[in-house]
């Protein structure tokens, strides 16, 4: 993960002293967090649409298509974020992440399974020994309508339960 120093366009590597200081600065107040988020660059919508249109006209060979499909599968996060989620549902989703196509063992595993913080430990157990990461939403997701202390506690809970990504 990289962070951007608040109020700058310099991206800092996670784990660096400057990166850690920037992250600490962002976490010190809601105002600092908002300043950081609103300072991030936007998506070049016109450029993205132009690139997508150009790619849509290209012909791709069968081997390249298979490679692209496998690569895409290996980058997918399977997500369940329902208020009615259960350990059983999360365990089932983890099974799908391990073997997206049960009939074809050559299909790669998904990148991650994303759950709420209270189900991170369940996902970690179900994915133990695999390459599939456990991701968790936090910060009062989906609304985000909570104070900074609640949001930070939410992140700490996910990390303490073993989340690889938050």
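Numbering (my numbering), first residue to last: 202 to 367.
Each residue gets a CB set at the ideal place from its N, CA and C atoms; glycine is no exception.
Computed from a predicted structure; not experimentally measured.
Exercise. How many Å lie between residue 349 and residue 233 at the Cα?
Worked result: Within the chain shown, the letter at position 148 stands for residue 349. Within the chain shown, the letter at position 32 stands for residue 233. Using only the alpha carbons, I get a separation of about 11 Å.
Exercise. Counting Cβ pairs closer than 8 Å, one from the segment 270-277 and one from the segment 238-254, do we hit at least three?
Worked result: With the cut-off at 8 Å, the segment 270-277 and the segment 238-254 do not touch.
Exercise. Measuring CB to CB, does residue 286 end up less than 9 Å from residue 334?
Worked result: The sequence position of residue 286 within the chain shown is 85, counting from 1. The sequence position of residue 334 within the chain shown is 133, counting from 1. Contact: no.
Exercise. Could you give the residue range of the alpha helix (DSSP H) that holds residue 275?
Worked result: Sequence index remark: in the chain shown, residue 275 carries index 74 (1-based). Counting along the chain, the alpha helix (DSSP H) containing residue 275 begins and ends at 263-275.
Problem set entry | Coarse secondary structure for residue 367, derived from DSSP in three states | Reading the chain shown from its first residue, position 166 is the one you call residue 367. Residue 367 falls in the coil class under three-state DSSP.
For this session: Identify whether residue 278 lies in helix, strand or coil by the three-state DSSP scheme.
Result: The sequence position of residue 278 within the chain shown is 77, counting from 1. Note: residue 278 maps to strand in three-state DSSP.
Problem set entry | Which residues DSSP lists as bridging residue 315, in chain order | As a first step, residue 315 must be located in the chain shown, where it is residue number 114. The partner list for residue 315 (beta bridge, DSSP) reads 280, 336.
For this session: Select from 326, 342, 310, 257 the residue whose C-alpha is nearest the C-alpha of residue 289.
Result: Within the chain shown, residue 289 is the residue found at index 88, counting from 1. Closest option to residue 289, Cα to Cα, is 326.
Exercise. Which residues in the same chain have their Cβ closer than 6 Å to the Cβ of residue 295, if we skip the five residues on either side of it in sequence?
Worked result: Taking the first residue of the chain shown as 1, we reach residue 295 at position 94. Apart from the 5 residues on each side of it in sequence, residue 295 sits with its Cβ closer than 6 Å to the Cβ of 314, 324, 327, 328 in its chain, given in chain order.
Exercise. Which of helix, strand or coil does DSSP assign to residue 320?
Worked result: As a working mapping, residue 320 is identified with position 119 in the chain shown. Reduced to three states, the DSSP call for residue 320 is helix.
Exercise. Closest by CA to residue 238, which one among 358, 347, 228?
Worked result: Taking the chain shown and counting its residues from 1, one reaches residue 238 at position 37. Answer by Cα proximity: 228.
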